[in-house]
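Here's the structure we're looking at; comments come further down.
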Amino acid sequence: MALPLPPPVFTILSGLVEDRSGLHYSSEDRELLAEKVSPRAIDAGFTSLLDYYYFLRYDPAGEVELDALVETLCVHESYFFREAEQLRVAVSECLVPAVEQGRRPRVWCAAAAGGEEPLTLAMMLADQDLLGRVDVLASDISERALARARSGSYGPRALRALPGGVLGRWLHPSSNGVSADSALIRAIDWRRVNLVDSAVVRALGSFDLVLCRNVLIYFSEGTTRRLAGTLADVLAPEGWLLVGVSESLMRFGTALTCEERGGVFLYRRAR
Amino acid sequence: MFLSADDQKRLAEIDSLSAEGAVAVPRLIDALSDTSWAVRRGVVAALGRLGDAAVQPLCDVVAGSRGDEARLAAAVDALVASRGDVFGPMSRLADHPDPHVVADVAQVLGRRKSERAVPLLARLSAHEDDNVSVAAIEALGRVGGRVAVDSLLATVRGGNFFRTFPALDVLGRTGDPRVVEPLVALLENPFYAPEAARALGRSGQVSAVGPLAAQLHRAPDAVVRAIALAISEIHDVVVRNFASGATVQRQLQECPSFQGAIRRLAHAVAGAADDEQRALCRVIAWMGAEEASSSLLALLDAVPAAAADALKSVGQEVDAQIIAALRRGDSARRLMLLPLIVGRNSAAREAIACLGDEDPAVRVSACEVLTRIGDSSAVPALFQHLGDPDLGVAHAAVSAIQSLGSGDTERLALEAARSADPAVRRAALRIVAYFGWASALDVLREALAGDDERLREAALAGLAFIEDPRALALLVEHGAHSSARTRASAMRSLGQAPPTPEILETLRRGLRDEDAWVTYFACQSLGKLRDVESSDAIVRLVDHPSGQVRVAAVEALAYLQTRVAREALRAASGSPDADVQRAALVGLGMARQHDAVPILVDAARSGERATRLIALSSLADQDSPEVLPVLLEAATDPDESIREAAISRIAEWNGPGATHVLVGLLANPLTRERAVDALALPAPGRIQGILAALDGAEGDVPALLVSALARLDRPDGRAAIVSALEMRSTAARRAAAEALAALDVREGTDALSRAAEHDPDPEVRRLANIALSR
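Okay, structure coming up:
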C-alpha cells in the first residue's frame, strides 16, 4: 500500500519533518513513515515519495502541505486524568500558594493534543475554586487537535482513567461519548504553537507552571535538548516544569533542578 | 547550555590547571570538593588525563578523611577514568582497616574491568564485611572471565543470604554455561527461586529451559512469572544468536507436566506486570497444542494485547475461535484479532464484515487481511470502500483490489470509473491504470474530457499502460493542455511510453514550459528515455530558478552519459543546494566513472548526514580499491543510519577483504551487532573467511562468529560449525559446541561424539553431550 521509501529519501524526508515539527523518526521507523506519508503523497498527485519531497521542499504550496503532513503524523492520543498525581501536586504546591500570595499564576500546557490534559487541570482548579484565578494557555502544533479540544467532544477511550465525581459534573454524556463542560473550555486560551519554533515559544511570556508531558519521547536527543533550553527560558523564577513520568531532562545538565514533591518529580528553575 | 557563567569560568580554570600537568595535581585534588557537579566532572576528567601523577593523591583521598561524599565519589570516578597504573596503589589499600575504603577499591577495579584484579577481587568476595564482599561480587561481574565465575559460584554455594543475591545477579549476566547447574539447584529453594530463575534467563543458556519448565506446574505465581520471563529471555537470545527458537520450544513441549504447566502459566497472568503478561502468553504459545491455544483465547479478555501477540505464533488450529472472537468483538478487539488472520480463507466473511467497522484503522486492517487471505470473492465489497471518507481506507481498498484481481474486477472498475463520486472515480482509475485494460480507453477518455483536474491526472497515469496508439496520442495531446497540472501529468506518463519522435518532441517542448512541474516531469521522462539529444537543453536547466527543476535536470543528466552531462554532474556535485548536490552524487554513482570517486569520497565525509548517506550508496557501486576503506570509516560514523548503510554495503561488497573488515568490526561495541548481521548474509568466501578468523579469535568474538555461521541457516554454515569442533582454539570449540547444543541439527554426529569423549576442555565435552542427547 505504501509507496517505496528508500533510505536516502527517508533521510531527507524525515529530516524535513523533524526540522518543521521536532518529530523524530529513526531508521527502524522507515516503513511506518512510508505508510503515513503515502496516502497524502498520492492524494497530492504524486507516485513517488522523492517527487513529493521536492514538492514539500520547493513548491510554493509545499509549506501548507508540510503542515498538513505534520498534522497526520502527530499522535493525539491522550485521556483525562493521565498521570494525574503530577497535576494534583502542581495545583496544591505550585498554583494554590501562588494565588494565596495574591498573584495570578500562568500555566502552559505545551502539548495539549485533544485537550484532555488542560481540561483535567481546569477541573482540578475548579474544585479548588481557582478556575478564574489562574491563566491557562493550552497549545498544540495540530489545528485538528485544537479544533477537537475546542469542541469538547470525547470518546470512551479518553475516559479510561476517570475518577469518581467527574462524569456528570464536568463531563456530560452525549451521543458519541461525553462533552466537556463549556465553562472549562472557555477558561482555557487555546493556541496553535510549534514547540520547535523557539521565537514563538519565547513570545508566549513567562509561566509559573509548564506541562510538557509525553511529547519529548517523539523528539530526538538534539531537539529535546534545545526544547529543554527554551522551556527553561520561559519558566518564571522558581517556576515548575513537568515532563512525562518516563521522560527525563537530567542528562542535559543542571540549570533546572530536579526535585521530588509528594512522590512526583518536577524540574524547577533556580531563583 | 545549562552551565552558569560561574561554572563556565571555573571549568575554564580547570582546563588551564590541567594544561600545567603534574604540578597542578594538588590544586585539582582540592577542586574535587567543588559544589558544582559540572565542575567536579571537569576535575575528574582532568585528573584522569594526568594518569600516574594523580593516582596516589587520589588513593590518599579515598583512604583519608571520608566526610565529603561528593569528593569521595569524584575521586573514585577519577581513579576509574585514570590513564595511569591504578592496580598497584589500589591493591595496597585492599587490607585497609576501614571496610568502606576496601569496598571502594573493589568498585574502582571492577569498573576498570581489570583482569589482573580478579584474584584480589575473588579474595575480597569472601571478606568478612558484607559491603566489601558485595562490592567485590559486583566488580567480578563487571570483569567477567572464568576465575570470576568460579569465585561467584563459591559465594553462591556459601549460602550467605546477603551475598547470594548479588552473586546470582552477576552470575546470570556472565552468560557462562557453567552457571546453569548451580542456579537450577537453587530453583528448589523458595528464598532464591525467583532470583535464580531471573539469573538463568539472563544467562541465555538454552539448557536451562527444561529445568525451568519442569518447575512450572508446582511453583507459586511469583516464581511462575519469573520463570516465564526467563524462558522468554532465553528464547530471544537463542533466536538472535542462532536464528531459531525451535530448541526452546521443543524443550517446553517435552515438559513432563504439560497441562499443569499451562494452567499455572494462565493462572499467573492475573496481577502480573505488563512484561510478565507478555512472557506468560508467549511461553503458553510455544508450548503449542490445543490447550495452549484455548488458554490464550480465554486470556484475550484479561490481557488482550499480550494474548493476541502470542496468538500470532499459533497455527491454524485456532481459526474457528479467532473468527468467533472477531464476530463478538468491538473495534478494539477486532483491531487486535485481524492481524492474526494469515491465509485463513474461512475468515473472509468476518473480515468483510469488519470493512463496515466505525474505526478506520479496523477497516484498513480488514483490507490488508483480505489481501493476505487472497480470496477474490471480497473484491465487490472492497469496491464499496473506494470512496471511504478515510483516505487510508480508500488506499488500502485500492491496494487490496489490485492484489486480488478477479473476473469481476474489470467490470466493477469500469463501472466505478463512471461513478458520480469523484473520489470513487479517481480510485477506480488507479485500478484501471494498474491493470492496463484496453477496454478502459473510453472511461479514461471520458475522465480527460471533464473539468476535474485530479480525474484527468488519474486518467493520464492510466493511459501510459494501455497498448493502443490512441492512448499515446491522447497523452501527446494533453502535453499541450491549458492546465499546467494536466500537462505535468502528461509529461510524467510519457516517461513510461516508448520513445517515439512525437513523444520525445512533446517532452522537449515541456523543458521550455512556463510551469516548473511540467519542466520537472519532462526532464525526468527524457532522462528515463535516455534522450541524449536533450543533453544541452537539460544542462541549461541546472541553474533554473525553481529548485525542483534544478534537481530534476541533475537527475536526468545521470541517465544521459554524455560528456556534457558528466561535466554538468561534476559541477552540480559542488552545488550549495544540498538536494542538487545529492542528486549529482547519485548521478555520478550511476555513471561509474573512476574520476568521480574522489568527489564521492569527499562527500562521504560531509557534515550533512543525508549527503554522507547518498555518497556512500553511490560510492559502494564503484569498482575501486578506495571504496572499502571509506565504507570502513563510515561503519563507525556517529550517526546510526550511516553505520547501518556502511555495514550493509560492506556486507554486499564482492571484493576480497569484506569478511575480514566485518570481523574487525566485531571488536567495536558500536558496530558489533550489525557486523554479525552482515556476516550472516551469504557472500563469496564468507564461510571460509569466518572460519579463518575463528581459530585465532578471543573474548566474545568466537561466539559472534559462530552465531553468524548459524544464522546463515545453510548446510555449509552448519558444516563449518561442526568443523570448528576440531580447531585448536578452546574458545572456538566451545562456541561451536554451544551452538550445536542450542540448534536442532543432525549434522556432525561423529565430530560431536569425538568432542564428547576426547576434547581436552570439560565444557566442550559437556556441551557436545547435550547436543548428542538431542
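Chains as they are written, first to last, in this note's numbering: chain L, 1 to 271; chain R, 272 to 1045.
Cβ atoms here follow ideal geometry from the backbone N, Cα and C, with glycine treated the same way.
Where does residue i fall in DSSP's three states?
i	result
R:Met272	For R:Met272, the predicted model reports a pLDDT of 42, less than 50, meaning its position is unreliable; a value from the coordinates is still stated below. R:Met272: coil per DSSP, three-state reduction.
R:Asp646	coil
R:Pro869	helix
R:Val332	helix
R:Thr771	coil
L:Ala44	coil
L:Ala161	coil
L:Ala236	strand
R:Phe436	helix
R:Glu911	helix
L:Arg261	strand
L:Val75	coil
L:Leu256	strand
R:Val451	helix
R:Leu941	coil
R:Glu738	coil
Determine, using beta carbons only, whether residue i and residue j come nearer to each other than 8 Å.
i	j	result
L:Tyr54	R:Gln819	yes
L:Cys212	L:Leu231	yes
R:Arg1036	R:Val1016	no
R:Ala532	R:Met558	yes
L:Val307	L:Ser139	Here chain L comprises residues numbered 1 to 271, so residue 307 of chain L is not present and cannot be evaluated.
R:Arg473	R:Glu1034	no
R:Gly860	R:Leu871	yes
L:Arg40	L:Leu5	no
Taking 8 Å as the CB-CB limit, is residue i close to chain C?
i	result
R:Arg943	Judged by its chain identifiers, the structure shown contains no chain C, and its protein chains are L and R.
I need the boundaries of the beta strand (DSSP E) containing residue i, first residue and last residue.
i	result
L:Tyr267	264-269
L:Ser174	171-174
L:Gly177	177-180
L:Val278	Because residue 278 of chain L is not part of the residues shown, which for chain L are 1 to 271, the question remains open.
So residue i is in the alpha helix (DSSP H); what residue range does that whole segment cover?
i	result
R:Val650	650-654
R:Pro360	358-362
L:Phe207	Premise fails: L:Phe207 lies in the beta strand (DSSP E), 207-212, not in any alpha helix (DSSP H).
R:Cys526	From DSSP, R:Cys526 is part of no alpha helix (DSSP H); its letter is neither H nor E.
R:Arg625	It is worth fixing the name first, because residue 625 of chain R is Cys in this sequence and not Arg. 619-625 is the extent of the alpha helix (DSSP H) around R:Cys625.
R:Tyr830	818-831
R:Cys552	545-558
R:Glu724	724-734
R:Gly481	480-486
R:Asn460	No alpha helix (DSSP H) contains R:Asn460, which DSSP labels as neither H nor E.
R:His931	929-936
Note down, in chain order, every chain L residue with its Cβ under 8 Å from the Cβ of residue i.
i	result
R:Leu840	In chain order: nothing, as chain L lies at least about 17 Å away.
R:His666	Met1, Ser38, Pro39, Ile42
On the DSSP bridge assignment, give the partners of residue i in chain order.
i	result
L:Trp190	L:Ala138
R:Cys794	According to DSSP, R:Cys794 bridges with nothing at all.
L:Tyr154	L:Val178
L:Leu167	L:Leu171
L:Leu277	Since the first residue shown for chain L is 1 and the last is 271, residue 277 of chain L is missing from the structure and cannot be characterised.
R:Val695	DSSP, once it has assigned bridges, lists no residue as partnering R:Val695.
L:Val299	In the structure as shown, chain L begins at 1 and stops at 271. Residue 299 of chain L is therefore absent and cannot be evaluated.
Could you tell me which chain R residues have their CB closer than 8 Å to the CB of residue i, listed as they occur along the chain?
i	result
L:Gly244	In chain order: nothing, as chain R lies at least about 17 Å away.
L:Tyr273	As displayed, chain L neither begins before 1 nor continues past 271, which places residue 273 of chain L out of reach and without an answer.
L:Gly15	Arg880, Ala881
Check the Cβ of residue i against every Cβ in chain R and list those closer than 7 Å, keeping chain order.
i	result
L:Thr11	Arg880, Ala881, Leu884, Ser912
L:Gly114	Simply none; closest approach about 16 Å.
L:Asp43	Leu662
Given 7 Å as the limit, tell me if residue i has its C-beta closer than that to any heavy atom belonging to the ligand FAD.
i	result
L:Leu69	This structure simply doesn't include the ligand FAD, nor any ligand for that matter.
Could you list which residues in chain L have their beta carbon closer than 9 Å to that of residue i, in chain order?
i	result
R:Asp850	Ile12, Tyr53, Tyr54, Arg57, Tyr58
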